[in-house]
Amino acid sequence: MTDDAYLVLLSDTAVSLGVPPAAVGELACMGTPAVRAWLDAQGVGASSAGLRLLPPEDTAAIPEEAARLPVPLSEEELSRVRHHAAPESVAGLEDELLAYRSCADGREALLVRALAAGVPAHRVAQLTGEDLSAVRALAV
3 MTDDAYLVLL SDTAVSLGVP PAAVGELACM GTPAVRAWLD AQGVGASSAG
53 LRLLPPEDTA AIPEEAARLP VPLSEEELSR VRHHAAPESV AGLEDELLAY
103 RSCADGREAL LVRALAAGVP AHRVAQLTGE DLSAVRALAV
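Residue numbers (this note's numbering): 3 to 142.
Next up, the structure:
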């Protein structure tokens, strides 16, 4: 696994890998000279159907033949990419986990439900602000 997110150009647009950059909203990296030059070299624009953005934990799934470029993302941008890349059921739970920061009612039940649905403990901790060791203890 790498620490970089990747901008990837897929030849098979039927592949549902990552997310289109436009779906995530404004990304600082998309305006950088490096990204603009890479897009020009690939002969595509930022809204190309085959252009996808993958979080670091998903980069192992990039096909070997796919053109790729590591891109720097802020924590907030990376959180949006992960949220959009998550399955719908997980994305809904992530919305609840983000809302969790402002409520305490049903805290433990929500954390247990998120872990049971497959949201990784580190992601639960990141979204809720809870200590990772406390979240992991609930997974047992």
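Glycine included, each C-beta is placed from N, C-alpha and C at the ideal position.
Helix, strand or coil for residue i per DSSP?
i    : result
V83  : helix
V121 : coil
L75  : coil
V21  : strand
A88  : coil
A36  : helix
Using the Cβ count rule (16 or more neighbours within 10 Å means buried), how would you classify residue i?
i    : result
P89  : exposed
T34  : exposed
R38  : exposed
P57  : buried
R109 : exposed
G131 : exposed
Taking Cβ positions, are residue i and residue j nearer each other than 8 angstroms?
i    : j    : result
L113 : E98  : no
P22  : L53  : yes
V121 : V92  : yes
L134 : A119 : no
Output the boundary residues of the alpha helix (DSSP H) element that contains residue i.
i    : result
L140 : L134 to L140
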